[in-house]
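In this note's numbering, the protein residues as written are 7 to 323.
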């Protein structure tokens, strides 16, 4: 059945800030991974440093797979003016993830470990042996490296982690999903949306036993240029009418909205009125965005009577 972090302090930093004084030797990514994972946390998980926590420290108590793998960059594209989308070929055939999870991102010669939510579906990994990340440009070393030094055939190391995911099993009762994203917090929710689309496709084409409800995405950004994956999302709505729907919210739109997007755009923040129509006993709510947004939406959901055990969230920083 679906599983995720429920109203607790679990975070996945999409935009990481921190410092690590030790510079790792410039050897293989896996060597860097093993060394750095040891340096960040004590054996009992207690954080010893008083500095602002980085990704490995913030997620020290989260689930992590034992499987680690090298990966090679096999595609780079600009998803927006500030976000690059990486496609990574995965070397280890035992490497798996659930829709919504993230990866520890280890770069040879870079001392800070990144934490980036996967934005592609598990099905893409199964079919093509690749996964995708969408990373916003910041001064944080892993993100900065992706935007300034990463090239085709660059090698990194990855390890999957995270307790925020949607993984329905055959025989589970159908669940309706409401996915609420802010900014680059769309990444894990887009992975979930793609996974739902894969399951719908399998069900229609191969008699899959999954029982699926509907999925509604509310996605808020400053303007339409910062709405990531919008063309992909429009394509999913067209491919699965009534099963996958989306409402884009823009809060600081200054330019004309293109005709294709206009029917799906609402100006202003996601409101109680938007969400209260989805309240039911068989609806689960997944939220990812900056901490203030998550706190605001969580309070809103409480106000409209959504049980706390039906709300799951992931914070990015």
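Cβ atoms here follow ideal geometry from the backbone N, Cα and C, with glycine treated the same way.
Quick caveat: nothing in here was measured; it's all calculated off a predicted structure.
{"Query": "Can you tell me whether DSSP reads residue 39 as helix, strand or coil?", "Result": "At residue 39 the pLDDT is 38, less than 50, meaning the model places this residue with poor confidence and gives no usable figure here."}
{"Query": "With DSSP as the reference, please indicate the residues paired to residue 183 in a beta bridge.", "Result": "221, 290"}
{"Query": "If we ignore side chains and look at the alpha-carbon of each, how far apart do residue 231 and residue 197 end up?", "Result": "20 Å"}
{"Query": "Assign residue 121 to one of two classes, buried (16 or more other C-beta atoms within 10 Å of its C-beta) or exposed (fewer than that).", "Result": "buried"}
{"Query": "With the cut-off set at 7 Å, would you say residue 306 and residue 317 are in Cβ contact?", "Result": "no"}
{"Query": "When the Cα of residue 154 is compared with those of 166, 141, 163, which residue comes out closest?", "Result": "141"}
{"Query": "Write down every uninterrupted run of the alpha helix (DSSP H) in the region 233-272 whose length is 4 residues or greater and which is fully enclosed by it, in chain order.", "Result": "236-245"}
{"Query": "Could you pull out every residue in the same chain whose Cβ sits closer than 7 Å to the Cβ of residue 68, ignoring the five residues on either side in sequence?", "Result": "16, 167, 168, 169"}
{"Query": "Closest to residue 248 by C-alpha separation, out of 291, 238, 222, would be which residue?", "Result": "222"}
{"Query": "CA-CA distance, residue 145 and residue 137?", "Result": "24 Å"}
{"Query": "Distance, Cα to Cα, residue 264 vs residue 186?", "Result": "23 Å"}
{"Query": "Please go through the region 109-137 and give each complete beta strand (DSSP E) segment of 3 or more residues, from N-terminal end onward.", "Result": "120-123"}
{"Query": "Taking 7 Å as the cut-off, decide whether the C-beta atoms of residue 111 and residue 148 are in contact.", "Result": "yes"}
{"Query": "When you compare the region 238-246 with the region 97-107, are there three or more beta-carbon pairs, one atom per stretch, that lie closer than 8 Å?", "Result": "no"}
{"Query": "From the DSSP output, in three-state form, read off residue 59 for me.", "Result": "coil"}
{"Query": "Contact defined as beta carbons within less than 8 Å: I believe residue 284 pairs with residue 272. What is the distance between those atoms, to the nearest angstrom?", "Result": "Not a contact, Cβ separation roughly 15 Å."}
{"Query": "Answer yes or no: do residue 180 and residue 217 have a C-beta to C-beta separation smaller than 7 Å?", "Result": "yes"}
{"Query": "Can you give me the C-alpha to C-alpha distance between residue 260 and residue 220, rounded to a whole angstrom?", "Result": "32 Å"}
{"Query": "Give me the DSSP bridge partner(s) of residue 139.", "Result": "92, 124"}
{"Query": "Have a look at 188, 165, 150 and flag the residue whose alpha-carbon is nearest the alpha-carbon of residue 296.", "Result": "188"}
{"Query": "With a cut-off of 8 Å on the beta carbons, I'd call residue 105 and residue 94 a contact; round off their distance for me.", "Result": "With 8 Å as the limit, residue 105 and residue 94 do not qualify as a contact, their Cβ atoms being about 16 Å apart."}
{"Query": "Note down the Cα distance separating residue 199 from residue 288, rounded to an integer number of angstroms.", "Result": "18 Å"}
{"Query": "Using only the alpha-carbon positions, how far apart do residue 314 and residue 203 sit?", "Result": "27 Å"}
{"Query": "Would you give the residue range spanned by the beta strand (DSSP E) that residue 321 belongs to?", "Result": "317-321"}
{"Query": "Leaving out five residues before and five after residue 129 in sequence, what residues of the same chain have Cβ atoms less than 6 Å from its Cβ?", "Result": "204"}
{"Query": "Is it true that the CB of residue 151 sits closer than 7 Å to the CB of residue 124?", "Result": "no"}
{"Query": "Can you tell me which of 85, 66, 64 puts its alpha carbon nearest to the alpha carbon of residue 238?", "Result": "85"}
{"Query": "Exposed or buried, which one is residue 174 when buried takes at least 16 other CB atoms within 10 Å?", "Result": "buried"}
{"Query": "In three-state terms, what does DSSP make of residue 281?", "Result": "helix"}
{"Query": "Going by beta carbon distance, what residues of the same chain come within less than 8 Å of residue 311, once the five residues before and after it are set aside?", "Result": "285"}
{"Query": "Among 309, 281, 302, 298, which residue has its Cα nearest to the Cα of residue 183?", "Result": "281"}
{"Query": "Pull up the distance between the alpha-carbon of residue 74 and that of residue 279, whole angstroms please.", "Result": "44 Å"}
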